[in-house]
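**Q** Here it is: the structure, laid out below.
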Amino acid sequence: GYGGQMVYVVPGRALTVVMTSDENGPAGRSGHRDDLHALLGRIIEATKEVREARS
């Protein structure tokens, strides 16, 4: 949808991330989609740190 509704499934981390966006917010062509992908990267990295801390 407009603004970027995303569902990411990362089986290797047993992780599913859903992101929704405001329909009045920025569109994918403004770089917003890239920002969402970057946020996912940070989330994946954070799950790695948590897993390592628990080990």
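With positions in the sequence shown counted from 1, the corresponding number in the numbering used here is that position plus 2. Here a beta-carbon is modelled for each residue, glycine too, at the ideal position from N, C-alpha and C.
Could you name the residues of the same chain whose beta carbon sits closer than 8 Å to that of I45, not counting the 5 residues immediately before and after it, in chain order?
**A** L17, V19
**Q** Are S32 and Q7 close, meaning C-beta to C-beta below 8 Å?
**A** The Cβ atoms of S32 and Q7 lie no closer than 8 Å to each other.
**Q** Take M21 as the anchor and find which of G14, E54, H39 has the nearest alpha-carbon.
**A** H39
**Q** Give the DSSP bridge partners of T49, in chain order.
**A** Note: T49 sits in no beta bridge, so no partner.
**Q** What are the start and end residues of the beta strand (DSSP E) that includes T18?
**A** 17-21
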